[in-house]
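Read through the structure below, which is laid out as structure tokens, and then see the notes.
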Amino acid sequence: MAVDHTRFLEDLHKLREFGASGVGKGVFRPAYSKADIAARQWLADRMADAGLTPHFDPVGNLFGLAPGRSLLMGSHSDSQPEGGWLDGALGVIAALEIARSSDQPISVVSFQDEEGRFGVTTGSAVWSGGLPLDKADVLTDGSGVSFGEARSSMADLSQGFVDPARFSGFVEMHIEQGPSLDAANEQIGVVTDIVGIRDMSVTFEGQQNHAGTTPMHLRRDAFQALSLFNTRLNERFRNVVTPQTVWTIGRVDLHPNASSIVPGRARFSMQWRDGDPDRLSRMEEIIRTTAQEIASEQGMVLTYGPLLGLEPVTMDQSLRAALEHGAEQVAPGRWRRMPSGALHDATNVSRLMPVAMLFVPSINGVSHDFAEDTTESDLVAGLRVLDLAVQSLDGQAR
Ligand code: GLV
Ligand code: MN
Ligand code: MN
2 MAVDHTRFLE
12 DLHKLREFGA
22 SGVGKGVFRP
32 AYSKADIAAR
42 QWLADRMADA
52 GLTPHFDPVG
62 NLFGLAPGRS
72 LLMGSHSDSQ
82 PEGGWLDGAL
92 GVIAALEIAR
102 SSDQPISVVS
112 FQDEEGRFGV
122 TTGSAVWSGG
132 LPLDKADVLT
142 DGSGVSFGEA
152 RSSMADLSQG
162 FVDPARFSGF
172 VEMHIEQGPS
182 LDAANEQIGV
192 VTDIVGIRDM
202 SVTFEGQQNH
212 AGTTPMHLRR
222 DAFQALSLFN
232 TRLNERFRNV
242 VTPQTVWTIG
252 RVDLHPNASS
262 IVPGRARFSM
272 QWRDGDPDRL
282 SRMEEIIRTT
292 AQEIASEQGM
302 VLTYGPLLGL
312 EPVTMDQSLR
322 AALEHGAEQV
332 APGRWRRMPS
342 GALHDATNVS
352 RLMPVAMLFV
362 PSINGVSHDF
372 AEDTTESDLV
382 AGLRVLDLAV
392 QSLDGQAR
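2 is the number of the first residue of the sequence shown in my numbering; add one for each residue after it.
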């Protein structure tokens with residue numbers, strides 16, 4: 002049976018209705034929110050309609066299982082707090098359409114908490130054995146809810162963990178989430194590698210006080226410490242980073258966050274990414290040394306949360322070749338091989354089986370924003386490449 006582009010696009014729009022938010026096609030569907038769980042239940046029904054057996058595991062990863070040995074395809078259906086409609090959702094719905102139309106046995110997955118409400122790609126990290134469940138359970142989100150508490154909201158759906166030995170490999174389609182394909186007017190990216198990441202929270206604790214009466218030289222202002230830390234860190238990283246290295250302070254909780262109070266505490270996320278694990282370690286050293294220096298100079302107590310991370314990984318040659326073969330047929334002269342600067346569940350799954358990834362363009366390179374979008378013709382082109390790749394794998398999918 003041929004892939005059905007209309008059904009594929011309709012299902013993508015239907016999934017967006019769960020947590021539809023913001024302007025344009027934005028969504029708010031964080032892991033374990035009502036919208037996320039409702040979306041997963043809808044997906045489970047779609048999987049059953051496709052002849053797959055829906056299976057929720059203890060952390061809320063949803064599989065649609067084909068009988069016997071199969072190729073696993075999919076991504077995630079949770080979103081960032083201000084997320085787009087395609088990040089993750091595209092890979093899940095594309096996988097569903099391939100499973101419905103292919104002669105090959107295809108299983109589908111939507112991993113839980115890829116977007117890191119609690120950790121870094123938490124659901125696939127636990128399933129792949131990269132993160133023990135007891136360590137995951139004590140991770141907390143920005144408001145102090147633990148992963149263990151959050152996943153208990155899906156306990157009534159939970160069955161055991163799925164045996165990875167039933168899958169021959171994993172293929173994940175995703176939006177690029179960066180500017181390269183769009184800027185070059187190209188339609189497809191075949192991923193070569195996925196960068197590594199480190200992520201931890203850092204806290205400077207100073208002295209909360211009155212903003213009118215506390216002389217500047219007596220203050221232990223946690224915001225000033227954070228500000229100095231950021232400036233010094235940027236200077237020091239210059240000797241170590243490449244144009245591909247990135248680092249982000251994306252969440253800052255300033256306590257008590259009031260205009261007439263000298264802030265007593267700044268807790269912030271520190272995240273850095275690169276393709277070279279040695280560089281990631283060198284950056285960690287610089288972060289810790291700089292934070293310690295600032296803490297001493299500014300009279301702060303310095304504490305760290307757990308260091309989370311994923312190593313850089315390389316895609317499987319033979320699955321990649323199948324995607325390249327499809328790309329050449331669908332978009333001759335308009336596709337490229339490229340690394341992924343975004344993290345994906347494929348990184349974790351690569352511990353268990355061969356993995357490969359396919360990108361379609363993000364308009365203006367925008368993602369992790371309500372404005373994220375991709376043209377319909379590019380979405381469909383990606384689906385066709387996946388379809389041709391699976392056909393070319395033929396019996397190898399088993
Ligand atoms: C995944 O969403 C990432 O942050 O790369
Ligand atoms: Mn994603
Ligand atoms: Mn994302």
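The beta carbon of each residue, even a glycine, is placed where N, CA and C say it ideally should be.
For this session: Hey, could you find the ends of the beta strand (DSSP E) Ser169 is sitting in?
Result: Counted from its first residue, the sequence shown places residue 169 at position 168. Here the beta strand (DSSP E) through Ser169 covers Phe168 to Ile176.
Exercise. Fully enclosed by the region 307 to 365, which beta strand (DSSP E) runs are 3 residues long or longer?
Worked result: 309 to 311, 336 to 341 and 356 to 361
Problem set entry | Stretch pair the region 348 to 366 + the region 117 to 133: three plus CB contacts closer than 8 Å | yes
Problem set entry | Neighbourhood of Gln272 by C-beta distance below 6 Å, restricted to the same chain and skipping five residues each side | Working through the sequence shown from its first residue, we reach residue 272 at position 271. Cβ neighbours of Gln272 beyond the five flanking positions: Asp200 and Thr249.
Exercise. Curious, which full-length alpha helix (DSSP H) runs of at least 4 residues does the region 4 to 46 contain?
Worked result: 6 to 17
Problem set entry | Own chain partners of Gly366 with C-beta closer than 8 Å, once the 5 adjacent residues on each side are dropped | Taking the first residue of the sequence shown as 1, we reach residue 366 at position 365. Answer for Gly366: Glu177, Gln178, Gly179, Pro180, Ser181, Asp183 and Ala184, listed in chain order.
For this session: Have a look at Leu308 and Gly334 and give me their C-alpha separation to the nearest angstrom.
Result: In the sequence shown, counting from the first residue as 1, residue 308 sits at position 307. In the sequence shown, counting from the first residue as 1, residue 334 sits at position 333. Approximately 42 Å, taken between the alpha carbons.
Problem set entry | Gln272 (DSSP reduced to helix, strand or coil) | Taking the sequence shown and counting its residues from 1, the one referred to as residue 272 is at position 271. Gln272 falls in the strand class under three-state DSSP.
For this session: State the Cα-Cα distance for the pair Ile198 and Thr214, rounded to the nearest angstrom.
Result: Taking the sequence shown and counting its residues from 1, the one referred to as residue 198 is at position 197. Taking the sequence shown and counting its residues from 1, the one referred to as residue 214 is at position 213. Roughly 43 Å between the two C-alpha positions.
Exercise. What's the gap between the Cα of Val302 and the Cα of Leu219?
Worked result: Taking the first residue of the sequence shown as position 1, residue 302 is located at position 301. Taking the first residue of the sequence shown as position 1, residue 219 is located at position 218. Here the alpha carbon of Val302 sits roughly 16 Å from the alpha carbon of Leu219.
For this session: Name the one or two DSSP bridge partners that Leu73 has.
Result: Locating residue 73 in the sequence shown gives position 72, counting from the first residue. Paired residues: Ser108 and Phe171.
Exercise. When a residue counts only if its C-beta is closer than 5 Å to some heavy atom of ligand 1, which residues count, in chain order?
Worked result: Taking each Cβ in turn, the ones that pass are Ala343 and Leu344.
Exercise. Should Ser211 be labelled buried (16 or more other beta-carbon atoms within 10 Å of its own) or exposed?
Worked result: Translated into positions along the sequence shown, residue 211 becomes position 210. Sequence check: residue 211 is His here, not Ser. Under this definition His211 is an exposed residue.
Exercise. Is Gly69 buried or exposed, if buried means 16 or more other CB atoms sit within 10 Å of its CB?
Worked result: Here residue 69 corresponds to residue number 68 of the sequence shown, with the count starting at 1. With fewer than 16 Cβ atoms within 10 Å of its Cβ, Gly69 is classed as exposed.
Problem set entry | Test item: CB-CB of Phe162 and Asp58 under 8 Å | Working through the sequence shown from its first residue, we reach residue 162 at position 161. Working through the sequence shown from its first residue, we reach residue 58 at position 57. Note that the C-beta distance between Phe162 and Asp58 is below 8 Å.
For this session: Check whether the Cβ of Gly89 sits closer than 7 Å to any heavy atom of ligand 2, and report yes or no.
Result: Position 88 of the sequence shown, counting from 1, holds the residue named residue 89. True, at least one ligand heavy atom lies under 7 Å from that Cβ.
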